[in-house]
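To keep things clear, I will list the structure first and then write my remarks on it.
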Amino acid sequence: MVRIGEAAQAAGMTSKALRFYEAHGLLPAPKRTANGYRDYTSETISRLDFIRRGRAAGLALAQIKEILLLRDAGQAPCTQVRDLLANQLADLDAQIAELVALRATVADYHAVVAVADPAACDAARICSYI
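When you read off a place in the sequence shown, starting at 1, and then add 613, the result is the number in the numbering used here.
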């Protein structure tokens with residue numbers, strides 16, 4: 614059993630994050646000492662590590678909570694995790710494509726403005742380059 618600060622440090626996060634995850638149902642309520650301190654188990658630290666890795670993979674807390682609920686119900690959440698990660702990859706690919714297109718647009722505008730003469734700017738327009 615470890616206290617909140619030790620659990621947070623072991624999981625690479627803050628005590629505030631642990632309280633947040635507990636309040637939002639991602640962590641079970643910990644046992645309390647006689648003076649009210651939270652006591653966490655190694656299972657909690659493992660769960661926190663999973664939450665941290667899920668967040669690093671871009672999963673939303675609601676998605677992580679669903680995975681944890683499946684595991685808590687005794688089901689292996691591997692299929693759901695696979696599907697969530699497939700969706701995450703598709704979303705990332707779409708975002709990358711949008712960013713590549715945006716970069717091309719900005720590069721085109723920049724190529725024009727880089728050689729333009731500001732004195733020749735059309736006063737009737739906000740900016741002739743965009």
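Beta carbons: idealized from backbone N, C-alpha and C, even for Gly.
Exercise for review: With DSSP as the reference, label TYR653 as helix, strand or coil.
Suggested key: DSSP places TYR653 in strand when its eight states are reduced to three.
Check your understanding: When DSSP labels each residue in this structure, what does ARG645 get in the three-state scheme?
Key -> strand
Point to revise | Beta-carbon spacing of TYR742, VAL725 below 8 Å | key: yes
Exercise for review: Output yes or no for whether 8 Å exceeds the beta carbon distance between THR701 and LEU672.
Suggested key: Checking the sequence, you will find Gln at residue 701 rather than Thr. Yes, these two residues count as a Cβ contact at 8 Å.
Check your understanding: Who pairs with VAL726 in a beta bridge, going by DSSP?
Key -> BP columns for VAL726 are empty, so no partner.
Practice item. Determine the burial state of TYR650: buried for a count of at least 16 other Cβ atoms within 10 Å of its Cβ, exposed for fewer. Key: exposed
Check your understanding: What whole-angstrom Cβ distance do VAL657 and LEU640 have, given they're in contact under 8 Å?
Key -> In the sequence as displayed, the identity of residue 657 is Thr instead of Val. Rounded, the Cβ-Cβ distance is 6 Å, consistent with contact.
Exercise for review: Please classify ALA621: is it buried, with 16 or more other beta-carbons within 10 angstroms of its beta-carbon, or exposed?
Suggested key: buried
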